[in-house]
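A short write-up of the structure that comes next.
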Amino acid sequence: MAGPTKNTNKVSFRDPDKAARSLLILIAVIMVSLLIINILQDKDSNITQYPSLKFLISRVIVKDVNLKDLEENIETHEIKFHDPMYKKEKSYKGFKVQDVLELGFGDEWKSSEFTDVVFEALDGYVSVSPVSKLKQSGGYIVFSDLDFEEWEQISIKEVTPGPFYLVWTGKDQTTANKYPWPWQLSSINLIKFEDQYSPVFPSGVSKNSSVYKGYEIFKGRCVRCHSMNGEGGKVGPDLNAPQSIVTYRNAYMIKEFIKNPSKYRYTQMPDYPDLSERDLDNLLAYFRYMNETKEN
Ligand code: HEC
8 MAGPTKNTNK
18 VSFRDPDKAA
28 RSLLILIAVI
38 MVSLLIINIL
48 QDKDSNITQY
58 PSLKFLISRV
68 IVKDVNLKDL
78 EENIETHEIK
88 FHDPMYKKEK
98 SYKGFKVQDV
108 LELGFGDEWK
118 SSEFTDVVFE
128 ALDGYVSVSP
138 VSKLKQSGGY
148 IVFSDLDFEE
158 WEQISIKEVT
168 PGPFYLVWTG
178 KDQTTANKYP
188 WPWQLSSINL
198 IKFEDQYSPV
208 FPSGVSKNSS
218 VYKGYEIFKG
228 RCVRCHSMNG
238 EGGKVGPDLN
248 APQSIVTYRN
258 AYMIKEFIKN
268 PSKYRYTQMP
278 DYPDLSERDL
288 DNLLAYFRYM
298 NETKEN
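Sequential numbering from 8 applies to the sequence shown in this note's numbering.
In structure tokens, the structure reads:
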């Protein structure tokens, strides 16, 4: 029984008609695949040609604008200044940060309803900046490195800052002075900090208390890497959950570490030699308060 069946099979494979049909199907499959690859590549090259910036209000996307639209709607500027990330003079082409915010949010970004702007990078890096800082002149969102064909790599970080990079041309507009310098910027989120980061916010304290002052330092300099109760940056440890830092390190060691982490560890955390004893006490007051008012 098995013998004859096998035989007929063999014969049918040799059938020239069937072979031709199989060949045709194979060719068709290859052509369709090539077409799909082509379409995908086209899409890709469109994206690299026109990178886009997303605008969000309270984490909801309100606009998605590509570079072409930005260039058509906002004046471009060529700027040259000492870029602290490269530690040398650089020239760029870009837009004033206020013009970009205006295009994305209209007048709303100046409304007292909002307190901060969250800049998010392609790799998830987040920096938070008070709206008041962004109203100052000197900030540019640049999209072209005029010294290089593509982008020059920032050597210590091994990144290229494009497609969008927020820079500040003023001498004192540094990250140490809490100006945001995100590179590979992908979205701009306008928020009311208390609402969006409520687990970080010390509710129920007055604005001139030491807890509040500590919170302001934390928000300006630390929240991009540290979270409180799960909300905030993910580069460093959460400082309130599951255990608050004040429950397992003594005050002296916490302050020592914050001022000078590089003395103790090879770490990504920067040194903060400019934080005064009072600043450090305010940070501790904030950590203690957050621990005492923790829900669980
Ligand atoms: C660039 C990211 C980054 C920033 C900004 C940053 N930290 Fe850190 N921090 C870290 C990392 C990473 C660690 C983990 C320690 C290590 O690397 O060994 C850490 C650890 C800590 C610790 C715990 C040390 C311990 O005992 O284990 C404290 C407290 C701390 N940071 C406080 C702060 C405060 C306060 C600020 C703001 C003034 C701040 N950090 C800013 C990244 C950061």
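Ideal placement from N, C-alpha and C gives every residue a C-beta, glycine not left out.
Tell me whether Pro137 sits in a helix, a strand or coil according to DSSP, three-state version. strand
Specify the secondary structure class of Arg285 as computed by DSSP and reduced to three states. helix
Beta-carbon contacts of Asn80 that lie in its chain and below 7 Å, excluding the five residues immediately before and after: Leu110
If you count every other CB in all the chains shown that lies within 10 Å of the CB of Glu299, and 16 or more means buried, which is it? exposed
Neighbourhood of Glu82 by C-beta, 8 Å cutoff - its chain only, sequence neighbours within 5 removed: Phe102, Lys103, Asp106
State the start and end residues of the unbroken beta strand (DSSP E) segment that holds Glu127. Unbroken beta strand (DSSP E) run through Glu127: 123-128.
Mind checking whether the beta-carbon of Arg228 lies closer than 7 Å to any heavy atom of the ligand HEC? yes
Is Gln275 near the ligand HEC, judged by its Cβ being under 7 Å from some heavy atom? yes
Any chance you could list the alpha helix (DSSP H) runs of at least 4 consecutive residues sitting entirely within the segment 197-221, in chain order? DSSP assignment within the segment 197-221 yields the following whole alpha helix (DSSP H) runs of 4 residues or more, N-terminal first: 200-203.
Should Leu246 be counted as a contact of the ligand HEC given a C-beta to heavy atom distance under 7 Å? Result yes, Cβ under 7 Å from the ligand HEC.
On a CA-only basis, which of Ser234, Thr181, Glu238 is nearest Asp281? Give me that one, please. Thr181
What are the complete alpha helix (DSSP H) segments, minimum 4 residues, inside the segment 251-303? 252-255, 258-266, 268-271, 284-299
Could you check if Val207 belongs to the surroundings of the ligand HEC, using beta carbon to heavy atom distance under 7 Å? no
For Gly111, three-class secondary structure by DSSP: Gly111: helix per DSSP, three-state reduction.
Check whether the Cβ of Ile224 sits closer than 7 Å to any heavy atom of the ligand HEC, and report yes or no. yes
In the DSSP assignment, find the alpha helix (DSSP H) that holds Val246 and state where it starts and stops. Correcting the residue type first, residue 246 is Leu in the shown sequence and not Val. From DSSP, Leu246 is part of no alpha helix (DSSP H); its letter is neither H nor E.
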